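Peer 1: Residue numbers (my numbering): 84 to 304. Cβ atoms here follow ideal geometry from the backbone N, Cα and C, with glycine treated the same way. These numbers come from a predicted model, not from an experiment.
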């Protein structure tokens with residue numbers, strides 16, 4: 084499908100901001116698939132549901148009422164759940180860690196699959212995640228996989244969290260990112276890997292604008 088772009092990669096490579104800018108440039112819709120798992124984690128915590136309670140989590144996944152709204156200045160993607168803005172709340176690393184644990188469950192991933200594909204509406208979709216090009220939209224014509232060093236990704240995440248008032252230790256954040264990478268890459272269901280036909284871009288030394296330019300230059304729409 085020529086009007087789907089998948090941008091996969093681990094946390095902290097810049098795929099969220101890159102996806103937002105590309106979607107705005109093309110006038111397409113956007114899907115932040117990682118937010119779906121963080122939202123599940125948030126709702127689970129609010130309702131005292133364990134990340135191991137498969138049945139309850141699948142039920143929550145089937146009932147998610149989510150909307151993604153780009154901010155006017157493209158600085159962030161506003162995430163609305165049940166008419167509430169939870170953008171800043173789900174960025175807490177507590178929910179990032181819980182989301183990674185939830186994501187290993189095959190039944191939960193299956194429950195979210197249809198919900199993710201429903202975001203594809205004309206004129207097109209930019210899908211940001213970890214298995215967009217391998218599982219959710221394997222038919223997409225344009226697939227990208229972003230990488231960066233663990234140290235750089237931890238620093239980026241640290242700055243992002245500090246800017247929204249969430250304090251974390253950089254060393255602890257780096258360790259959590261490394262553990263999450265291992266968990267995501269080794270899971271048996273939809274592991275974090277680049278699609279065979281994806282173009283890999285190392286963003287360690289690149290600005291957001293440079294990454295966006297590289298992606299757009301690879302496309303013929």
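(1) Starting from the Cα of residue 87, find the closest Cα among 282, 194 and 204 and give me that residue.
(2) Near residue 297, which residues of its chain fall below 8 Å by C-beta distance, leaving aside the five closest residues on each side in sequence?
(3) Do you know how far the Cα of residue 124 is from the Cα of residue 184?
(4) Give the DSSP-derived three-state secondary structure of residue 212 in the structure shown.
(5) Which residue marks the beginning of the beta strand (DSSP E) containing residue 100, and which one marks its end?
(6) Would you list, in sequence order, the uninterrupted alpha helix (DSSP H) runs of no fewer than 4 residues that lie entirely inside the segment 248-276?
(7) How about residue 115 and residue 214: are their beta carbons less than 8 Å apart?
(8) Going by DSSP, which residues form a beta bridge with residue 301?
(9) Secondary structure at residue 150, three-state DSSP: helix, strand or coil?
(10) With a threshold of 8 Å, are at least 3 pairs of Cβ atoms found where one atom belongs to the segment 273-284 and the other to the segment 215-229?
(11) Can you tell me whether residue 255 is buried or exposed, with buried defined as 16 or more other CB within 10 angstroms of its CB?
(12) Residue 111 and residue 221: beta carbons closer than 8 Å?
(13) According to DSSP, simplified to helix, strand and coil, what is residue 203?
(14) According to the Cβ coordinates, are residue 247 and residue 95 closer than 8 Å?
(15) Pop quiz: residue 151 and residue 140 are said to be a contact at Cβ under 8 Å. What is the actual Cβ separation, rounded to whole angstroms?
(16) Between the alpha carbons of residue 175 and residue 293, how many angstroms are there, rounded?
(17) Could you give the DSSP three-state label for residue 226: helix, strand or coil?
(18) So, helix, strand or coil for residue 193, using DSSP?
(19) Assuming residue 182 and residue 121 make a contact with CB atoms under 8 Å, what is their CB distance in whole Å?
(20) Where does residue 286 fall in DSSP's three states?
(21) Alpha carbon to alpha carbon, what distance is there between residue 148 and residue 137?
(22) Can you give me the C-alpha to C-alpha distance between residue 252 and residue 179, rounded to a whole angstrom?
(23) When the Cα atoms are used, what is the spatial distance from residue 134 to residue 154?
Peer 2: Taking the geometry as given:
(1) In this structure, 204 is the residue among 282, 194 and 204 with its C-alpha nearest to the C-alpha of residue 87.
(2) 284 and 289
(3) 9 Å
(4) strand
(5) Run containing residue 100: none in the beta strand (DSSP E); it sits in the alpha helix (DSSP H), 98-109.
(6) Positions of the alpha helix (DSSP H) runs, each at least 4 residues long and wholly inside the segment 248-276, are given as 253-269 in order along the chain.
(7) no
(8) BP columns for residue 301 are empty, so no partner.
(9) In the structure shown, residue 150 sits in a strand (DSSP, three-state: E or B).
(10) yes
(11) exposed
(12) Not closer than 8 Å, so no.
(13) coil
(14) Not a contact, by the Cβ cut-off of 8 Å.
(15) No, residue 151 and residue 140 are not in contact; Cβ-Cβ is about 21 Å, not under 8 Å.
(16) 28 Å
(17) strand
(18) helix
(19) 5 Å
(20) The DSSP-derived three-state label of residue 286 is coil.
(21) 19 Å
(22) 15 Å
(23) 31 Å
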